[in-house]
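Residue numbers (the numbering used here), protein chains in the order written: chain A, 1374 to 1698; chain B, 1374 to 1698. The block underneath contains the structure these notes are about, expressed in structure tokens.
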């Protein structure tokens, strides 16, 4: 039996919220169906933030309602982001059973994004988490800027440990440590996970959410894997780019992560080809090229296939390309 | 004193040979000047294959001649690929002091690309290497398909060890192990480097040349680094894509590698900002978007800068992007 590693899929929420295109609810539902068919156990499908803030996800309640049968028929949990009590109330009303909260390990980043001190956010979220638990919901908590802050640069790594312990005590079952700026490096990942271990945190409670802004996301995942983390957030085809830099990458692409984990012998429970096809689907919906490496390889291989199988054509192309060294 | 890790730059050869555009010699020289100014100690500047095979590099002798002053004035070695005796003769005539040979660990791949068995290639190359050494030249040898073959799939990892030992015995000073297909994974890298160790090969003689086709190149480098390898091949801005899949990635992007190594505390001797600017330069010359992650981040940050500094603007954009979790 190979060891299980979980991929937590964020594309329908973290990916689509950053798109300038507002995707039709029908297409979101079809996308989520494809993700479930690929074998995902955890998909973050929307966000109950104010529709005015994120019009892309204003149909959260409808997406939850129209995908409810998928939850019932499959071993999958659908999650949605909730910023506050009002968001939680909407999530409860929608019938969803799992929510995710968020705050930042950086004081300045938290202040600018949530307009609260970290201490204030923690107090407010502890109440939201307690309420969610009373409703019988599962709760995940994101901590952003764990590996660096766009305003402060370096962030004290022990802050994430302290905040995580408070959130776990409040009732969160998992903490996702975010490299919001994509500044992290593998040595830093090993150091920070080591601090969680030293503080007695069960590593089974942790996930890593690494951004690929500088190409380091998968190397950072490897360091997390080596340190004992067994859950990683990723987004199909690298969906969730950064609006200020067309073509630049934000989220780690799920296909790249799945490929690496499976080749290393881990059991992800996922079908890579099916996941890659979900990436092709959402790319067609959005009408713009998505940046994931495996995604581009997969699309290119299919595009050049002709009558041959895609795999062998891809191989031939690659071989020709490298023919002179 | 931090530990030294060497980045061997392949963009002027491995990158440009795969471009449909033939770059002017003037621009190649200007590009190589920028690379040298970034602090590189090893740059592969061209290839002495038949011009009919690779018209993009038909000006190899001129590039060598016009960059000779850079070699004299800096602590840098310029390398060129030579496929055979004729190529070596041209390299000698050009005045270059360092050459690279190539063959494949896969019998089928070698046969299709060089039209020889691996044994035949090894015999021919041993003679070329010996001749080069007699001329006082430095010799590097590439072994491709070490981590997988487009035709055979799995490749016996011990073949690379045997071939490398033969090439070292013939006089090569360094062996670059190529993941030609981008199929490699970190566990495999650790396994293969472990076999070299077990065979008594000095790891200082090895380099890794990882392709990013499936996004795994930097994670594979990390595994190599952890196994004791201290030289990695990379290409500025990820230059050297795969012609069958526009946008798909071939070579590992140098900026991503440099960023990771420096953040981990290794001494690369390189100036990342200067290397990134070399990437912007060659992108402008080629007139197409290059795929490197850090490159795209760097370009996007500069593009959105306005009157603010690029770094703080990039930070703000990133922060806004992640404002809702």
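A virtual CB, placed ideally from N, CA and C, is assigned to each residue, including glycine. All of these numbers come straight from a predicted model, not from anything done at the bench.
(message) Relative to the C-alpha of residue 1543 of chain A, which candidate in A:1456, A:1498 and A:1611 has its C-alpha closest?
(response) In the first chain, the residue the question calls residue 1543 of chain A occupies position 170. Residue 1543 of chain A has its Cα closest to that of A:1498, out of A:1456, A:1498 and A:1611.
(request) Just the C-alpha distance for residue 1551 of chain B and residue 1532 of chain B, rounded to the nearest angstrom, thanks. (result) To locate residue 1551 of chain B, count along the second chain from 1; it is residue 178. To locate residue 1532 of chain B, count along the second chain from 1; it is residue 159. Going from the Cα of residue 1551 of chain B to the Cα of residue 1532 of chain B covers about 13 Å.
(message) Using beta carbons (cut-off 8 Å, strictly below), is residue 1385 of chain B in contact with chain D?
(response) Among the protein chains of the structure shown, namely A and B, there is no chain D.
(request) State the start and end residues of the unbroken alpha helix (DSSP H) segment that holds residue 1651 of chain A. (result) What you label residue 1651 of chain A is simply residue 278 of the first chain in a count that begins at 1. From DSSP, the alpha helix (DSSP H) with residue 1651 of chain A extends over 1645-1659.
(request) Run the CB neighbour count on residue 1513 of chain B, radius 10 Å, all protein chains shown included, and call it buried at 16 or more, exposed below. (result) Within the second chain, numbered from 1, the residue matching residue 1513 of chain B stands at position 140. Buried, because 16 or more other Cβ atoms sit within 10 Å of the Cβ of residue 1513 of chain B.
(request) Identify the contact partners of residue 1480 of chain B in chain A, using a Cβ-Cβ distance below 8 Å as the criterion. (result) The residue labelled residue 1480 of chain B in the question sits at position 107 within the second chain. What residue 1480 of chain B touches in chain A: nothing, since even the nearest Cβ is about 13 Å away.
(request) Pick out whichever of B:1652, B:1601 and B:1584 has its Cα sitting closest to the Cα of residue 1666 of chain A. (result) Against the first chain, residue 1666 of chain A aligns to sequence position 293. Checking every option, the nearest Cα to that of residue 1666 of chain A belongs to B:1584.
(message) For a contact defined as C-beta to C-beta under 7 Å, what are the partners of residue 1638 of chain B on chain A?
(response) Position 265 of the second chain, counted from the first residue, corresponds to residue 1638 of chain B. Correct list: 1560.
(request) Using a threshold of 8 Å, state whether the C-beta atoms of residue 1419 of chain B and residue 1386 of chain B are closer than that. (result) As a working mapping, residue 1419 of chain B is identified with position 46 in the second chain. As a working mapping, residue 1386 of chain B is identified with position 13 in the second chain. It is a contact, given that the beta carbons lie within the stated cut-off.
(message) Suppose contacts are defined by Cβ-Cβ distances below 8 Å. Is residue 1634 of chain B in contact with residue 1578 of chain B by that definition?
(response) In the second chain, the residue the question calls residue 1634 of chain B occupies position 261. In the second chain, the residue the question calls residue 1578 of chain B occupies position 205. No, the pair does not count as a contact, with Cβ atoms beyond the cut-off.
(request) Could you pull out every unbroken alpha helix (DSSP H) segment of at least 4 residues lying fully inside the stretch 1534-1594 of chain B, listed in chain order? (result) 1559-1571
(message) Any beta carbon of chain B sitting closer than 8 Å to that of residue 1617 of chain A?
(response) Residue 1617 of chain A sits at position 244 when you count from the first residue of the first chain. Caution applies to residue 1617 of chain A, whose pLDDT of 49 falls short of 50 and renders its modelled position unreliable; the value that the coordinates give is listed next. Yes, its Cβ sits closer than 8 Å to a Cβ of chain B.
(message) Is residue 1622 of chain A close to chain B? Criterion is C-beta to C-beta, closer than 8 Å.
(response) If you number the first chain from 1, residue 1622 of chain A lands on position 249. Closer than 8 Å: yes.
(request) Would you please verify whether the beta carbon of residue 1632 of chain A is less than 8 Å from any beta carbon of chain B? (result) Position 259 of the first chain, counted from the first residue, corresponds to residue 1632 of chain A. So, interface residue.
(message) For the stretch 1556-1588 of chain B, list every residue whose C-beta sits within 9 Å of some C-beta in chain A, in sequence order.
(response) 1556, 1557, 1558, 1559, 1560, 1561, 1584, 1585, 1586, 1587 and 1588
(request) Compute the distance between the beta-carbons of residue 1592 of chain B and residue 1407 of chain B, then report whether it is under 8 Å. (result) The count along the second chain starts at 1 and reaches residue 1592 of chain B at position 219. The count along the second chain starts at 1 and reaches residue 1407 of chain B at position 34. Against a cut-off of 8 Å, the Cβ pair of residue 1407 of chain B and residue 1592 of chain B comes out as no contact.
(request) Report all residues from its chain with a CB closer than 8 Å to the CB of residue 1482 of chain B; omit the five preceding and five following residues, and keep chain order. (result) Residue 1482 of chain B sits at position 109 when you count from the first residue of the second chain. For residue 1482 of chain B, where only same-chain residues beyond five positions count, the Cβ hits under 8 Å are 1517, 1518, 1522, 1523, 1524, 1525 and 1553.
(request) For residue 1388 of chain B, name the three-state secondary structure that DSSP assigns. (result) If you number the second chain from 1, residue 1388 of chain B lands on position 15. Helix.
(request) Could you tell me which residues DSSP pairs with residue 1476 of chain A in its beta bridges? (result) Mapped onto the first chain, residue 1476 of chain A falls at position 103. DSSP lists A:1516 as partners of residue 1476 of chain A.
(message) Classify residue 1617 of chain A: buried if its beta carbon has 16 or more other beta carbons within 10 angstroms, exposed otherwise.
(response) In the first chain, the residue the question calls residue 1617 of chain A occupies position 244. At residue 1617 of chain A, the pLDDT of 49 sits below 50, so the modelled position is not reliable; the number obtained from the coordinates is stated separately. When all chains shown are included, residue 1617 of chain A counts as buried.
(request) Taking 8 Å as the cut-off, decide whether the C-beta atoms of residue 1413 of chain A and residue 1382 of chain A are in contact. (result) If you number the first chain from 1, residue 1413 of chain A lands on position 40. If you number the first chain from 1, residue 1382 of chain A lands on position 9. Yes, Cβ-Cβ distance for residue 1413 of chain A and residue 1382 of chain A is below 8 Å.
(message) Below 8 Å on C-beta distance, what does residue 1595 of chain B contact in chain A?
(response) Taking the second chain and counting its residues from 1, the one referred to as residue 1595 of chain B is at position 222. The answer, in chain order, is 1559, 1592, 1595 and 1596.
(request) Answer yes or no: do residue 1472 of chain A and residue 1452 of chain A have a C-beta to C-beta separation smaller than 8 Å? (result) Counting from one through the first chain, the residue named residue 1472 of chain A turns up at place 99. Counting from one through the first chain, the residue named residue 1452 of chain A turns up at place 79. The answer is yes: Cβ separation under 8 Å.
(message) Quick test of your reading: residue 1623 of chain B and residue 1391 of chain B, contact by CB under 8 Å. State the CB separation rounded to the nearest angstrom.
(response) Counted from its first residue, the second chain places residue 1623 of chain B at position 250. Counted from its first residue, the second chain places residue 1391 of chain B at position 18. At roughly 7 Å, the Cβ-Cβ gap stays under 8 Å, so residue 1623 of chain B and residue 1391 of chain B are in contact.
(message) Three Cβ pairs or more, each shorter than 8 Å: is that satisfied between the stretch 1631-1649 of chain A and the stretch 1599-1616 of chain B?
(response) no
(message) Against chain B, with Cβ distances strictly below 8 Å, would residue 1535 of chain A count as a contact?
(response) Working through the first chain from its first residue, we reach residue 1535 of chain A at position 162. No - not a single Cβ of chain B is within 8 Å of the one on residue 1535 of chain A.
(message) Can you tell me where the alpha helix (DSSP H) holding residue 1421 of chain A begins and where it ends?
(response) In the first chain, the residue the question calls residue 1421 of chain A occupies position 48. It is not in any alpha helix (DSSP H) - residue 1421 of chain A carries neither H nor E in the DSSP assignment.
(request) Measure from the C-beta of residue 1462 of chain B to each C-beta in chain A and report whether the shortest distance is under 8 Å. (result) Working through the second chain from its first residue, we reach residue 1462 of chain B at position 89. Answer no: the Cβ-Cβ gap between residue 1462 of chain B and chain A never drops below 8 Å.
(message) Is there a C-beta anywhere in chain B that falls below 8 Å from the one on residue 1629 of chain A?
(response) To locate residue 1629 of chain A, count along the first chain from 1; it is residue 256. For residue 1629 of chain A, the answer is yes, since a Cβ of chain B falls inside 8 Å of its Cβ.
(message) So for residue 1638 of chain B, helix, strand or coil by DSSP?
(response) The residue given as residue 1638 of chain B occupies position 265 in the second chain. In this structure, residue 1638 of chain B counts as coil in the three-state DSSP scheme.
(request) State the Cα-Cα distance for the pair residue 1625 of chain B and residue 1611 of chain B, rounded to the nearest angstrom. (result) Along the second chain, read from residue 1 onward, the residue named residue 1625 of chain B stands at position 252. Along the second chain, read from residue 1 onward, the residue named residue 1611 of chain B stands at position 238. Roughly 6 Å separates the two Cα atoms.
(message) If distances are taken between C-alpha atoms only, which option among B:1537, B:1630, B:1561 and B:1627 comes closest to residue 1572 of chain B?
(response) The residue given as residue 1572 of chain B occupies position 199 in the second chain. Cα-wise, what sits closest to residue 1572 of chain B is B:1537.
(message) For chain A, check one thing: does any of its Cβ atoms lie closer than 8 Å to the Cβ of residue 1389 of chain B?
(response) Taking the first residue of the second chain as 1, we reach residue 1389 of chain B at position 16. Closer than 8 Å: no.
(request) Return the residue from the list A:1474, A:1487 and A:1479 that minimises the CA-CA distance to residue 1504 of chain A. (result) As a position in the first chain, residue 1504 of chain A is number 131, starting the count at 1. The candidate whose alpha carbon is nearest that of residue 1504 of chain A is A:1474.
(message) What are the residues in the stretch 1645-1666 of chain A lying within 9 Å of chain B by C-beta distance?
(response) 1662, 1664, 1665 and 1666
(message) Does the CB of residue 1451 of chain B have a neighbour CB from chain A at under 8 Å?
(response) Translated into positions along the second chain, residue 1451 of chain B becomes position 78. It does not: the Cβ of residue 1451 of chain B has no partner Cβ on chain A nearer than 8 Å.
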